[in-house]
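Residue numbers (UniProt numbering): 1 to 113. All residues carry an ideal CB built from backbone N, CA and C; glycine is no exception. Predicted, not measured: the structure shown is a model, and the values here were computed from it.
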């Protein structure tokens with residue numbers, strides 16, 4: 001198994017959660033999402049982001065609005081729907097549980113005998 005592939009797979013697993021979290025803070029343009037994800041070292045490209053955004057929109061978790069831009073064509077800004085907020089809450093619960101489980105395994109308080 002290739003370590004780089006393992007890292008990519010781990011990051012992919014939390015990408016949807018991270019995207020919904022970014023959008024939950026307010027209207028956001030896709031390139032701003034890419035910048036934040038990249039700065040957090042969750043590497044993603046437009047070819048991955050846009051299909052994921054479409055899938056989340058089709059599931060009813062996101063909506064968007066077009067905003068005129070002075071520097072080019074209108075921009076699509078994404079927002080979380082009520083259903084998306086509920087889904088994100090569930091993901092938070094799952095993340096907290098998963099994080100606790102992983103910490104229990106990687107940092108045991110007592111050694112196994």
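Paired residues, beta bridge with residue i - DSSP
| i | result |
| --- | --- |
| residue 75 | 67 |
| residue 29 | 77 |
| residue 62 | 80 |
Boundaries (first-last residue) of the alpha helix (DSSP H) holding residue i
| i | result |
| --- | --- |
| residue 97 | 82–106 |
| residue 6 | 3–24 |
| residue 57 | 46–58 |
Member of the options whose CA lies at the smallest distance from the CA of residue i
| i | options | result |
| --- | --- | --- |
| residue 5 | 30, 43, 56, 35 | 43 |
| residue 68 | 104, 96, 77, 54 | 77 |
| residue 27 | 16, 3, 62 | 62 |
| residue 14 | 95, 70, 75 | 95 |
| residue 46 | 25, 24, 19, 58 | 19 |
Neighbourhood of residue i by C-beta distance below 7 Å, restricted to the same chain and skipping five residues each side
| i | result |
| --- | --- |
| residue 83 | 60, 61 |
Helix, strand or coil at residue i according to DSSP, with G and I counted as helix
| i | result |
| --- | --- |
| residue 38 | helix |
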